[in-house]
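Chains as they are written, first to last, in the working numbering: chain A, 777 to 1100; chain B, 6 to 342.
If you want it as structure tokens, here you go:
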């Protein structure tokens, strides 16, 4: 079956601003060869620390930025080279939910108009049908129909995120890209939004690319998880395998850094030293070798490949290659 | 730790009421009748969601409420017996940064972008201890070493923008501890940081506290941070304390329905078990401080709420040991069990 989203060898380099009239002095290698696929009704969690390139992947998939290389296929069609005008037809099938619902909602539009706007843009239905669809969407995401006349500032953070979800659903997309969609929310409200997203996925067979830094949230919502470090995917695996038997030392370190859930589990943990290196001159060989507790000479010179075993568990590490 | 635990509290807050003028006659009450204490070498965590008054509690202790609208309406803030609510502004300036220091969520906003890191730390020492400049710079260097910043001599000469987020937070910790305060207030100190950096900073706070015996009040929304750091925990909701207990007791026996709800709503590693499952939801949203419901503030969202909860605010009652809870329904459970 064709995956809903198929990304192969995605690269996004940003030239460093040069001196006047000079040539670019280098490149920020934000995303440096990332491949993954998402099937129908599947959630791929994309995790990593700030600056690892996870949001850039999301933006490139949405074609909000032009990838430097690689290909993006949506429902089997290559959309990599499409110009903005040609993209329009594909945007119905691919929608986005942002982290901060406040900055992604027009403060001068009513909630009803915000959700109706995609329908108007694509000329779907007449005015009455659009209103009916908006009312149905409001009900589906847990907003009251009478709130259609309110403005974004009259909603709480969780309600605004529901509004963002309603807007994303308006055109009946097959893929929704969520860029940290719950990280700005309070814990009690975060749970409501995660549950809503999971319910909607069941109902509409939605596929999610769920970009987040919170491993607990990702474990809850994902079917498969990909871990990024400095512009590369270092490990990708079905959820249970990744959380219970991680293979890449970086994934292990990330999991070890997550606070415990009960005070009696406190332990001296292995804490990663230092910060993430700059993506301008990423380390040679394995990019993680500068912070890796088990790195050997080979890691400094030779870049490990992402090797998958038969269960679809892949890790890019010389020392943790799967048994064959 | 046991020897320290029985010592006198460094800080005692009694019946703190923080309010804001609204221009509509009666003020908005953001913190209502809050009492707490923290001892030398102890970490007290205050946990709650946005708007519960946890940050305003810290700002009230330091008398840094936004003027002219914010003020302490009632209560006492006793630092080793001295009531900070009553002292003059000049005396208060001598307390801030010396007896009590504070670190904030976003380190960049509490550092001056145009002054070198060394000078910012040294200035604090200069103001409070009146040493000569060379000694102050020596102290700054020693502090950078203590917070484990690599190449501290070079960092002294650098500006905040040259550092990563984690390094900046180390600098604000160095600055906060430069005058060996008796009390450190940390308001969401790791919320803006990545999880691996958060682990480094939490370890650092713990190590420095063990070394110096500073009392720490750590304000957070994250129960994971509480589980890592706290000795005692205070749970706040809509400006009031709803539950207080030792950290193990709280995680073993969460008693207030809000505390229970928070714990169940929090996604944690391994919590998903075999398959994906729904998280526990707390219905509704935190009430606006302008429209606080009568009775228990949590009643409109509470599955257990009764008529009495909607009418009458429950008092905080002890339910064994140092565990206390403000709930008409669940406070009795412990007694019955």
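No residue lacks a Cβ here, since even glycine has one placed at the ideal position from N, Cα and C. These numbers come from a predicted model, not from an experiment.
Test item: CB-CB of residue i and residue j under 8 Å
i: residue 928(A); j: residue 936(A); result: yes
i: residue 953(A); j: residue 982(A); result: no
i: residue 284(B); j: residue 292(B); result: no
i: residue 987(A); j: residue 834(A); result: yes
i: residue 60(B); j: residue 1051(A); result: no
i: residue 779(A); j: residue 813(A); result: yes
i: residue 299(B); j: residue 247(B); result: no
i: residue 323(B); j: residue 58(B); result: no
i: residue 50(B); j: residue 238(B); result: yes
i: residue 110(B); j: residue 196(B); result: yes
i: residue 268(B); j: residue 228(B); result: yes
i: residue 307(B); j: residue 259(B); result: no
i: residue 998(A); j: residue 821(A); result: yes
i: residue 1033(A); j: residue 13(B); result: no
i: residue 969(A); j: residue 823(A); result: no
i: residue 840(A); j: residue 870(A); result: no
i: residue 873(A); j: residue 940(A); result: yes
i: residue 223(B); j: residue 93(B); result: no
i: residue 116(B); j: residue 125(B); result: yes
i: residue 219(B); j: residue 186(B); result: yes
Assigned exposure category for residue i - 16 Cβ within 10 Å defines buried
i: residue 99(B); result: exposed
i: residue 1026(A); result: buried
i: residue 295(B); result: exposed
i: residue 9(B); result: Caution is warranted here: a pLDDT of 47 is assigned to residue 9(B), below 50, making its placement in the model unreliable, and no coordinate value can be reported.
i: residue 96(B); result: exposed
i: residue 340(B); result: Annotation note: pLDDT 46 at residue 340(B) (below 50); position unreliable, coordinate value reported separately. The residue is exposed, with fewer than 16 neighbouring Cβ atoms inside 10 Å.
i: residue 882(A); result: exposed
i: residue 831(A); result: buried
i: residue 133(B); result: buried
i: residue 36(B); result: buried
i: residue 782(A); result: buried
i: residue 1092(A); result: buried
i: residue 242(B); result: buried
i: residue 7(B); result: Confidence in residue 7(B) is poor, its pLDDT being 45 and thus under 50, which makes the residue's placement too unreliable to answer from.
i: residue 327(B); result: exposed
i: residue 88(B); result: exposed
i: residue 865(A); result: exposed
i: residue 1013(A); result: buried
Residue from the options with nearest C-alpha to residue i
i: residue 86(B); options: 104(B), 306(B), 95(B) and 69(B); result: 104(B)
i: residue 210(B); options: 81(B), 107(B) and 129(B); result: 107(B)
i: residue 846(A); options: 1093(A), 838(A), 852(A) and 856(A); result: 856(A)
i: residue 810(A); options: 995(A), 1082(A) and 1094(A); result: 1082(A)
i: residue 961(A); options: 815(A), 993(A), 871(A) and 947(A); result: 993(A)
i: residue 78(B); options: 42(B), 191(B), 19(B) and 53(B); result: 19(B)
i: residue 42(B); options: 242(B), 16(B), 71(B) and 147(B); result: 16(B)
i: residue 1000(A); options: 817(A), 790(A) and 806(A); result: 817(A)
i: residue 836(A); options: 784(A), 868(A) and 821(A); result: 784(A)
i: residue 1010(A); options: 828(A), 788(A), 777(A) and 930(A); result: 828(A)
i: residue 180(B); options: 25(B), 231(B), 234(B) and 152(B); result: 152(B)
i: residue 157(B); options: 147(B), 48(B) and 334(B); result: 147(B)
i: residue 189(B); options: 202(B), 144(B) and 215(B); result: 215(B)
i: residue 808(A); options: 1079(A), 1071(A), 1084(A) and 1041(A); result: 1079(A)
i: residue 145(B); options: 118(B), 119(B), 250(B) and 175(B); result: 175(B)
Three-way DSSP call (helix, strand, coil) for residue i in this model
i: residue 789(A); result: strand
i: residue 248(B); result: strand
i: residue 1056(A); result: coil
i: residue 173(B); result: helix
i: residue 227(B); result: coil
i: residue 1110(A); result: Since the first residue shown for chain A is 777 and the last is 1100, residue 1110(A) is missing from the structure and cannot be characterised.
i: residue 811(A); result: strand
i: residue 914(A); result: helix
i: residue 256(B); result: helix
i: residue 422(B); result: Lying outside 6 to 342, the shown extent of chain B, residue 422(B) is not represented and no answer is given.
i: residue 119(B); result: coil
i: residue 132(B); result: helix
i: residue 295(B); result: helix
i: residue 7(B); result: Unreliable placement is indicated for residue 7(B), whose pLDDT of 45 sits below 50; no coordinate value is reported for it.
i: residue 1090(A); result: strand
i: residue 22(B); result: strand
i: residue 831(A); result: helix
### Query
In the stretch 840–901 of chain A, which residue ranges form an unbroken alpha helix (DSSP H) of at least 4 residues, counting only runs that do not cross its ends?
860–867 and 887–897
### Query
What are the uninterrupted segments assigned as alpha helix (DSSP H) that are 4 or more residues long and contained completely in the stretch 27–90 of chain B, given in chain order?
59–66
### Query
Enumerated in chain order, which unbroken segments of the beta strand (DSSP E) with a length of 3 residues or greater are wholly contained in the stretch 940–1025 of chain A?
Those beta strand (DSSP E) runs which fall completely within the stretch 940–1025 of chain A and span 3+ residues are 951–955, 983–988, 1000–1005 and 1008–1014.
### Task
Give, in chain order, every unbroken run of the beta strand (DSSP E) that is at least 3 residues long and sits entirely within the stretch 150–199 of chain B.
188–192
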